[in-house]
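Residue numbers are given in UniProt numbering: position 61 of the sequence shown equals residue 61, and the series is strictly consecutive.
Just so it is clear, CB atoms sit at the ideal spot from N, CA and C, and this is done for glycine as well.
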Amino acid sequence: MAFLSKLGNILKQTNAKGSLSTSPSLFQAIRCMSSSKLFIGGEESSSRKFCCMEYGILPSTFSPMARHLRSIVTALESTLERKAQLYAEEPLKYIFLMNNCHYMVQKVKTSELRHFFGDEWIRKHIASYQHNVTDYERATWSSVLSLLKDNSKDSVSTSRDRCRLFCLAFDDVYKNQTRWSVPDPELRDDLHISTSVKVVQSYRGFLARNADRIGEKHVRYTCEDIESLLLDLFECLPSPRSLRSSRRRW
Numbered sequence: 001m002a003f004l005s006k007l008g009n010i011l012k013q014t015n016a017k018g019s020l021s022t023s024p025s026l027f028q029a030i031r032c033m034s035s036s037k038l039f040i041g042g043e044e045s046s047s048r049k050f051c052c053m054e055y056g057i058l059p060s061t062f063s064p065m066a067r068h069l070r071s072i073v074t075a076l077e078s079t080l081e082r083k084a085q086l087y088a089e090e091p092l093k094y095i096f097l098m099n100n101c102h103y104m105v106q107k108v109k110t111s112e113l114r115h116f117f118g119d120e121w122i123r124k125h126i127a128s129y130q131h132n133v134t135d136y137e138r139a140t141w142s143s144v145l146s147l148l149k150d151n152s153k154d155s156v157s158t159s160r161d162r163c164r165l166f167c168l169a170f171d172d173v174y175k176n177q178t179r180w181s182v183p184d185p186e187l188r189d190d191l192h193i194s195t196s197v198k199v200v201q202s203y204r205g206f207l208a209r210n211a212d213r214i215g216e217k218h219v220r221y222t223c224e225d226i227e228s229l230l231l232d233l234f235e236c237l238p239s240p241r242s243l244r245s246s247r248r249r250w
């Protein structure tokens, strides 16, 4: 009962202060758990039944301890989903979920918890945070990159305007998302690479198609500028670098 009480307090304390709101104390509590009495009277809890259905595993195929731990994490995930909905910015919601899901996967993979959760759980949750990455990129970059789409009827002034509007939209993303955090270095690098591939390639293609109409003096950022600035995202910078240093004259 002491463990369940402690878990309840952990879940209550899980909040939406920022994308760093993982729950390391949850896994520390699980590691320290010594009680083998899982549920009073040995009754099957609704969360435990849900866990069995969710992962396609019959209750008889894993131990009572494993069922208990899975039901605990299912409760935690439900709490995180609710907390994510509190973010006003849609992309930050996906960063929050991605950080937390990745954290859980890493803790399970690198500890004795792997025995209780299994490889199927790990695979499903890797797919889950990868889906969060896709959702983040869609929510952040779809409207920005739409400014770079081909339009053979563009005039010189329209092409220049689209280049200018793209750079302004990029500035907004940069100023906002350099304050966000993806604490895990490997996950952050993967996100940088994935974002850079999409954004830099789209921008490079746009400049190549419209170079004659835009003119070099109207190109605010080079592709190298964009690639360099993208590396600052998710670094939780207290004061991002001045964009003036990367700007060319309009």
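| query | Just reading off the alpha helix (DSSP H) that THR140 is part of, what are its end residues? | reply | Taking the first residue of the sequence shown as position 1, residue 140 is located at position 140. Residues 113-145.
| request: Measure the C-alpha to C-alpha separation of PHE206 and PRO91 and round it to an integer number of angstroms. | output: Taking the sequence shown and counting its residues from 1, one reaches residue 206 at position 206. Taking the sequence shown and counting its residues from 1, one reaches residue 91 at position 91. Between PHE206 and PRO91, the C-alpha separation is close to 25 angstroms.
| message | Suppose you measure from the CA of LEU243 to the CA of ASP171; what does that come to, to the nearest Å? | response | Here residue 243 refers to the residue found at position 243 when the sequence shown is read from its first residue. Here residue 171 refers to the residue found at position 171 when the sequence shown is read from its first residue. Roughly 8 angstroms between the two C-alpha positions.
| field | Identity of the residues DSSP links to SER196 by a beta bridge | value | In the sequence shown, counting from the first residue as 1, residue 196 sits at position 196. Answer by DSSP bridge pairing: none, since SER196 is not bridged.
| message | Under DSSP, the alpha helix (DSSP H) around SER228 begins and ends at which residues? | response | Numbered from its first residue, the sequence shown carries residue 228 at position 228. 223-230 is the extent of the alpha helix (DSSP H) around SER228.
| request: Go ahead and pull the three-state DSSP assignment for residue 290. | output: Any answer about residue 290 is impossible in this case: the structure gives the chain only from 1 up to 250.
| How many angstroms separate the CA atom of HIS192 from the CA atom of ALA169? | As a position in the sequence shown, residue 192 is number 192, starting the count at 1. As a position in the sequence shown, residue 169 is number 169, starting the count at 1. Each residue's alpha carbon lies about 18 angstroms from the other.
| In this structure, what does DSSP give as the bridge partners for GLU235? | Stepping through the sequence shown from its first residue, residue 235 is reached at position 235. For GLU235, which the question treats as bridged, DSSP gives the partners SER181.
| query | Which class does TYR103 belong to by DSSP, given the choice of helix, strand or coil? | reply | Walking along the sequence shown from the start, residue 103 turns up at place 103. TYR103 falls in the helix class under three-state DSSP.
| Coarse secondary structure for GLN201, derived from DSSP in three states | For the purposes of this step, residue 201 is taken as the residue at position 201 of the sequence shown. DSSP places GLN201 in helix when its eight states are reduced to three.
| field | 8 angstroms contact criterion, which TYR87 and ASP135 should meet: CB distance rounded | value | On the sequence shown, position 87 is the one that residue 87 refers to. On the sequence shown, position 135 is the one that residue 135 refers to. Not a contact, Cβ separation roughly 13 angstroms.
| said: Can you give me the C-alpha to C-alpha distance between SER196 and LEU230, rounded to a whole angstrom? | reply: Residue mapping note: residue 196 aligns to position 196 of the sequence shown, counting from 1. Residue mapping note: residue 230 aligns to position 230 of the sequence shown, counting from 1. Cα to Cα, the separation comes out at about 7 angstroms.
| request: With DSSP collapsed to three states, give me the class of PRO240. | output: Position 240 of the sequence shown, counted from the start, is the residue given in the question as residue 240. Looking at PRO240 - three-state DSSP - the assignment turns out to be coil, as it is neither helix nor strand.
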